[in-house]
Amino acid sequence: MSGRTCNRRFRLRKDSVPAARDHVRAILTLWLLGELADDAVSIVGELAANAVVHAKGIGEFFEVGLRRRDGVLIVEVSDSFQWRMPEKLDADPDAVGGRGLVIVEGLSDKWGVRPRDAGKTVWAHLAVGRTEVPC
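According to the working numbering, the residues represented by the sequence shown are 1 to 135, in order.
Written out as structure tokens, the structure reads:
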């Protein structure tokens, strides 16, 4: 089924990250897109964690959006932090963090960021029906 949309707001706090991941898994199961659930859950987890860390004190919420359009699942996380757009950086091998967007890039078919009136949206595309390549 194409043309489905689901948006949900979460409080901008650490315990919302697992709640956002659980929400994505539940929606994708309902939409019969379980084959995309692990990647989508990981992407939302990384982006939601970034929102909690970097947008803290800016707004009260972040929003998770899921849309299915023309054979693509679009996963979005939006927040109110607008002073700096996220960039994928080469992480220091000894650093604890800094790999979120590298993970998003590795799991998605494509990803990007777009500004909003108040903040930004980071999005990722996952092709519906894609198959894993065996090792």
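In this text, a Cβ means the ideal position worked out from N, Cα and C, and glycines have one as well.
field: Residue from ILE103, LEU28, HIS54 with nearest C-alpha to ARG68
entry: Check the Cα spacing between ARG68 and each of ILE103, LEU28, HIS54: the tightest is with LEU28.
Cα-Cα separation between GLY3 and PHE62, rounded to whole angstroms: Cα to Cα, the separation comes out at about 23 Å.
- request: Between the Cα of LEU36 and those of ALA55, ALA49, LEU73, spot the shortest distance and give me the residue it belongs to.
  value: When C-alpha distances from LEU36 are compared across ALA55, ALA49, LEU73, the shortest belongs to LEU73.
message: Here's a check: name, in chain order, each residue in its chain whose Cβ is nearer than 7 Å to the Cβ of ARG11, leaving out the five neighbours to either side.
response: Within the same chain, ARG11 has close Cβ partners GLU60, PHE61.
task: Within its chain, find whatever has a CB closer than 6 Å to the CB of ALA124; leave out the 5 residues flanking it on each side and keep chain order.
output: Excluding positions up to five away in sequence, the list reads ILE43, VAL75, VAL104, SER108, TRP111.
message: Going by DSSP, what residue range makes up the beta strand (DSSP E) through ARG69?
response: ARG69 -> beta strand (DSSP E) spans 61 to 69.
Beta-bridge partners of SER78, as assigned by DSSP: For SER78, DSSP records a beta bridge to GLU63, THR121.
Supposed close pair ALA51, VAL77 - CB separation, criterion 8 Å: Confirmed, about 6 Å.
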